[in-house]
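Asker:
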């Protein structure tokens, strides 16, 4: 496969992973599995790109919570009141370690927003989120490679 195809595929994976971490729609697991099925790039590289994109998207959520707290009740705030309440309960109970659940659909994105609202420090947030997201993508990749 030409290098351009691999690069474009990785860029698409990055964008999908980034948007999947925000409240925008995305299906990064499917993109990762498909990319691995096509054997366009090494699995380790694909997992790394997906993890990076998804982690950076989660850090956008953290920044939203950190810097836009005053807009929490605005109708366009990126998480509903119910989602925020559930995430707040997780965060109150487990603190920074609640971010290990940042990979979980529906609950994971608001937890990263709550971490920002709670003024959690960036470096530990990034490290925990990257670990959680990386494990998820490694499991998806292992499943995809076993299937294909």
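Residue numbers (our numbering): 12 to 159.
Glycine is no exception: its CB is placed at the ideal position from the N, C-alpha and C atoms.
Since the structure is predicted, the reported quantities are computational estimates derived from the model, not experimental observations.
Among 143, 156, 39, 82, which has the Cα closest to the Cα of residue 119?
Answerer: Among 143, 156, 39, 82, the Cα nearest to that of residue 119 belongs to 143.
Asker: For the structure I just gave you, are there three or more beta carbon pairs, one from the region 102–117 and one from the region 125–132, closer than 8 Å?
Answerer: As far as the Cβ criterion goes, the region 102–117 touches the region 125–132, which means the pair count is three or higher.
Asker: Note down, one range per segment and in chain order, each beta strand (DSSP E) of at least 3 residues found wholly within the region 18–55.
Answerer: Qualifying beta strand (DSSP E) stretches: none in this window.
Asker: Is the distance from the Cβ of residue 121 to the Cβ of residue 98 below 8 Å?
Answerer: Yes, Cβ-Cβ distance for residue 121 and residue 98 is below 8 Å.
Asker: Would you check if the distance between the CB atom of residue 111 and the CB atom of residue 139 is smaller than 8 Å?
Answerer: Cβ distance < 8 Å, so residue 111 and residue 139 count as in contact.
Asker: Per DSSP, what kind of secondary structure is residue 60 in: helix, strand or coil?
Answerer: Residue state, collapsed to three classes: helix.
Asker: State the CB to CB distance for the pair residue 43 and residue 24, rounded to an integer number of angstroms; the pair is presumed to be in contact (CB under 8 Å).
Answerer: Indeed, because the Cβ distance is near 6 Å, the residues count as touching under 8 Å.
Asker: Answer with buried or exposed for residue 12, where buried requires no fewer than 16 other C-beta atoms within 10 angstroms of its C-beta.
Answerer: Here residue 12 scores only 49 on pLDDT, less than 50, and its place in the model should not be relied on; the value that follows carries that caveat. With fewer than 16 Cβ atoms within 10 Å of its Cβ, residue 12 is classed as exposed.
Asker: Tell me the rounded alpha-carbon separation between residue 154 and residue 81.
Answerer: For residue 154 and residue 81, the distance between alpha carbons rounds to 42 Å.
Asker: Looking at the structure shown, is residue 84 part of a helix, part of a strand, or coil, going by DSSP?
Answerer: Coil at residue 84, not helix or strand.
Asker: Going by DSSP in three states, residue 136 sits in which element: helix, strand or coil?
Answerer: Of the three classes helix, strand and coil, the one that applies to residue 136 here is helix, per DSSP.
Asker: Helix, strand or coil: which one does DSSP assign to residue 94?
Answerer: Helix, per DSSP.
Asker: Contact defined as beta carbons within less than 8 Å: I believe residue 39 pairs with residue 61. What is the distance between those atoms, to the nearest angstrom?
Answerer: Indeed, because the Cβ distance is near 6 Å, the residues count as touching under 8 Å.
Asker: What residues in its chain sit with their C-beta under 7 Å from that of residue 52, if we drop five residues either side in the sequence?
Answerer: Excluding sequence neighbours, residue 52 sits near 17, 20, 21, 46.
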